[in-house]
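Structure first, commentary second.
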Amino acid sequence: MTDSNIILGAGLTGIGCARHLPDSVIYEAREHPGGHVYSHSQGGYHFDEGAHICHATDPDWLDQLYRNAGDVVNMKQSRVGYYWHGHWGTYPVQNHLRDLPVELRIQALKEIVHAHVDRDEAIPASYADWCRSQYGELLTERFYREYTEKYWRMDMEDMDVDWLSGRLLPSQLDRILHGAIAPMEEKQSVFATFHYPARGGFFAFFEPFYRDVDIRQGKRMVSVDPAGRKVTFADGESAGYRNLISTIPLNDLVRAMPDSPDAIRKDAESLRHTQMIGVNLVVRKPALTPYHWFYVYDRDIDVSRVKVLSNVIPDSMNGHVTILQTEIFRRDDEAYDVERLKAKAVSDLSELLSFDPETDLQSVDHVIASHAYTIPTLGRQASVDRIHGWLADQGIYSAGLYGRWKYIWSNQAYEDGKKTALALKGE
Ligand SMILES: Cc1cc2nc3c(=O)[nH]c(=O)nc-3n(C[C@H](O)[C@H](O)[C@H](O)COP(=O)(O)OP(=O)(O)OC[C@H]3O[C@@H](n4cnc5c(N)ncnc54)[C@H](O)[C@@H]3O)c2cc1C
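Counting from 533, one number per residue, gives the positions in the sequence shown under our numbering.
Laid out in C-alpha cells, this is it:
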C-alpha cells in the first residue's frame, strides 16, 4: 500500500487542499477542524476567533457559502465606527474628518492636501512613511501610531508595507474633502458590504466542507523526517507520506526538522506574530451602539476592535441584548493575564457604551487565538522565501496564512490550498 498525501492543519487552506487532492489525510492538532474560522458556542451564542465577516465578491464562492450556511445576512452597507479619546466617528477617520473637533479637522486636511501634492511615487521604506505620505503627520501620529502599538504591538518604523493591499486604502482626496464637509456613506472601505451566517457563527459557511474528508483530530505534529518521508505526532504515532503539505506555522515546521540549517532556523525565529484574547460580552440592554463593529484607538484601553454581533445578525437575536465580541492583541513574546484583561475590557466597555457592569452583564467569556496576525516586519518576506526554497528542496509544500506568513482572507486561504493541490496533480 502506498502512503497517503499528508496535510498538516484543518484550517481553510488544509480543507481547500484535501478537497482537491485525492487520497489525502489531514492531521489537526486541535480537537475540532476550522482553524481560524472556527466558531465557539458560549452561552447560546457563537463567537469567532477574532471578528470575521465575508466580503468576498466571487459569485461562485458566495453561492457555495450560501448553500453551506443556509440562512445568511447580506449587509449592504456596513456601519463601522471608531472611538478616540471621548469622540465617536465613522471609520476610517481620514474619510470622515467632520467627526473631529474643528481645529484638528483643519490641521489634518491641510496636511493631507500637502501630502498629496508632495507625494513621492517611490515605495515607502516603512508603514510609518506610507501613512505620512497618505494621511499627513497628525493622523499618522495621533491615530495610526497609537492604534498600531495596540494592534500590531510594533513600531510603525519596523513594519513593511506589503500587507496594506486590501486592508488599508490609499487616500483619495475628493472623498476626504467631501467627508470633511458633509456626511458621506462609506463606500471605500473593503468592508462596505458583507455576508455573515444568520446562525452558527462564521464557521457555518464552511462546516459542510469538512464532511467526507479524512481528518484525524488531536494530532499535533512534532517532527518531520524528510529523508524517511515520515511525520511523528505528540502522541508518539508516526505516519509515512507521499507528499507533505503543511499549513501550520512556518516556524513550528522548521523547529520540527532537527536537521534544518542554522541560517534557516534563524530566519524561522525572526518571524513574529500576535496572539488574540477575545473577550465576549452579553449585555442585558439592547442597541447600545449603532455600529456593526468599531475600533478603539486609545492606548490605555486594551480592546482594539469590537464586533457587535447583535447588530450583524439582529433577526437571530431576541432583541433584548447587545452582544460584543472584542479583540485584544499581544505579541507572541508578551505574557498576559486573561482575568485581568477580561475585567479591564468589561470596565472600559461599560464606560464607552454606558452599561452597568454589576447589573447589566449577562455573561463574559473569552476565546484565545495563540496565532492571530502575522506581523509584517521588515525583512520578513526575504526570510519566508529562503525557508520556502529550502523546504522545496526537502519536497515539502507550505501554504496558507501561517504557511506563507502573510495575511490572507478566508477565501484566499481556501484557494491557496486548492492551488497547491492542483499544482501537485500537475494541473
Ligand atoms: C483575528 C483574525 C480575523 C480575521 N478576519 C477575517 C475576516 O473578517 N474575513 C476573512 O475572510 N478572513 C479573516 N481572517 C483570515 C482567515 O481567518 C484566515 O486567512 C484563514 O482562516 C487561514 O486559514 P489557514 O488554513 O491558512 O490557517 P489556520 O486557520 O491557522 O489553520 C492551520 C491549522 O493548523 C493547525 N495546527 C497548528 N500547528 C499544528 C501542528 N503542529 N500539527 C497539526 N496541526 C497544527 C491549527 O490548529 C489550525 O487548525 C482573519 C484572521 C484573523 C487571525
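Where a beta carbon is used, it is the ideal one built from N, C-alpha and C, also for glycine.
Judged by DSSP secondary structure, Asp580 falls within the beta strand (DSSP E) whose first and last residues are Tyr577 to Asp580.
Beta-carbon to beta-carbon, Val786 and Ile796 are separated by about 6 angstroms, close enough to satisfy the 8 angstroms threshold. Of all C-beta pairs linking the region 749-769 to the region 557-571, three or more are shorter than 8 angstroms, placing the two stretches in contact.
When distances are taken from the beta-carbon of Ile900 to the heavy atoms of ligand 1, even the shortest one reaches 8 angstroms or more. The closest heavy atom of ligand 1 lies 8 angstroms or more from the beta carbon of Lys798. The bridge partners DSSP lists for Cys586 are His727.
Here the alpha carbon of Ala724 sits roughly 21 angstroms from the alpha carbon of Tyr676.
A direct Cα-Cα distance of roughly 51 angstroms separates Tyr614 from Gly772. Of the residues assessed, Gly566 falls on the buried side of the cut-off, its CB having 16 or more other CB atoms within 10 angstroms. In the three-state DSSP reduction, Gly546 falls in the helix class (H, G or I).
Between Thr779 and Ala819 the beta-carbon gap is near 40 angstroms, outside 8 angstroms, which marks them as no contact.
Contact between the region 875-889 and the region 596-611 is not established, with fewer than three Cβ pairs separated by less than 8 angstroms. Rounded to whole angstroms, the Cβ separation of His552 and Leu933 is 18 angstroms, and the two are not in contact under 8 angstroms. For Ala867 and His920, the gap between their C-alpha atoms comes out near 30 angstroms. For Trp616, the closest alpha carbon among the candidates Gly927, Ile833 and Ile860 is that of Ile833. The alpha helix (DSSP H) runs lying completely inside the region 669-694 and spanning 4 residues or more are 677-683, given in chain order. At a Cβ-Cβ threshold of 9 angstroms, Ile900 and Thr806 do not count as neighbours. Following the DSSP letters along the chain, one finds Tyr946 inside the alpha helix (DSSP H) bounded by residues Ser942 to Leu956. In the DSSP assignment, Asp595 falls within the unbroken alpha helix (DSSP H) covering Pro591 to Ala601. Taking one beta carbon from each stretch, the region 588-603 and the region 566-575 have fewer than 3 pairs nearer than 8 angstroms; the two do not touch. A distance below 8 angstroms between beta-carbons, with the five flanking residues on each side excluded, links Val815 to the following residues of its chain, in chain order: Val853, Thr854, Ile855, Leu856, Leu885, Phe887, Asp892, Leu893 and Gln894.
The nearest non-hydrogen atom of ligand 1 is 8 angstroms or more from the C-beta of Ile809. Annotation for Gly772: no alpha helix (DSSP H) segment contains it, though the beta strand (DSSP E) segment containing it runs Ser770 to Ser778. Cys663 has its CB no nearer than 8 angstroms to any heavy atom of ligand 1. In the displayed model, Ser556 falls within a strand according to three-state DSSP. In the structure shown, the three-state DSSP call for Ser802 is coil. When secondary structure is reduced to three states using DSSP, Ala901 falls in the strand class. For Arg743, the closest of Ala712, Ser536, Asp650 and Ala550 by C-alpha to C-alpha distance is Ala550. Boundaries of the alpha helix (DSSP H) around His710: Leu705 to Ile713. Beyond the five residues adjoining it in sequence on each side, Tyr683 comes within less than 6 angstroms, by CB distance, of Ser836 and Phe861 in the same chain, given in chain order. For Val604, the enclosing beta strand (DSSP E) covers residues Val604 to Met607. If you check the C-beta of Asp784 against ligand 1, you find a heavy atom less than 8 angstroms away. Shown here, Glu643 sits in a helix according to DSSP, grouped into three states. DSSP lists Tyr559 as the beta-bridge partner residues of Arg748. Going by C-alpha positions, Ile845 is about 8 angstroms away from Pro729.
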